[in-house]
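Student: In the working numbering, the protein residues as written are 35 to 228.
Every residue gets a Cβ at the ideal spot worked out from N, C-alpha and C, and that includes glycine.
Pasting a structure here, questions to come.
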């Protein structure tokens, strides 16, 4: 995240005052998720003509047309409006419960190991933010996931993660606990993450 933040601050012509960071408990653990380096993305978007090419890409036009058709047919589940505003089609409660259950079976959160570099990643973010205020909040994940974390014996890790965030940032807006929003999956959730 620190590399993206440095690039954002370099490219932003106005003074950045605050940085908002969403912290997710799963980030606290080692994972085998492979993604391209931040530098590769920065290099890609810095290439001459990249922004114009993306705006005028044939792929973008066909995706937009396909989304319009799906939306008109009522077959689109999740779509984005201009401005990167996400919308979802409401699913019946039983369908949402089944999707959450299937997702949790696929990710049963066993054998997780704390990422010992996590704290240094937070330090890198703080250094990249420099004089900017950092506002940290925890993702309001479905109560199904939170309960499963605790059933898997991760409650102490969960508490350590929160303590570390508070120690590093001074204050954390915590939405990732079991509350009236996270417990109401029928109304608020698309799956266990969203």
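1. If you compare alpha carbons, which of 181, 79, 60 and 47 is closest to residue 149?
2. Using a threshold of 7 Å, state whether the C-beta atoms of residue 63 and residue 146 are closer than that.
3. May I ask you to list the residues that DSSP assigns as paired with residue 133?
4. Can you tell me where the alpha helix (DSSP H) holding residue 183 begins and where it ends?
5. Could you pull the start and end residues of the beta strand (DSSP E) that residue 167 belongs to?
6. If you measure between the beta carbons of residue 56 and residue 173, is that distance less than 7 Å?
7. On a CA-only basis, which of 52, 38 and 43 is nearest residue 170? Give me that one, please.
8. For residue 180, is the classification buried or exposed, using 16 other Cβ atoms within 10 angstroms of its Cβ as the cut-off for buried?
9. Suppose the cutoff is 6 Å on Cβ atoms and the five residues either side in sequence are ignored; what does the same chain contact list for residue 11 look like?
10. Using a Cβ distance threshold of 8 Å, determine whether the stretch 176-191 contacts the stretch 204-216, with at least three qualifying pairs required.
11. Can you give the Cα-Cα distance for residue 159 and residue 35, rounded to whole angstroms?
Tutor: According to the structure shown:
1. 60
2. yes
3. Residue 133 is bridged by DSSP to nothing; it lacks a bridge partner.
4. 177-185
5. 167-172
6. yes
7. 52
8. Within 10 angstroms of the beta-carbon of residue 180 lie 16 or more other beta-carbons, which makes it buried.
9. With the chain represented from 35 up to 228, any question about residue 11 goes unanswered, as that position is not in the structure.
10. yes
11. Taking the straight line joining both Cα atoms gives about 7 Å.
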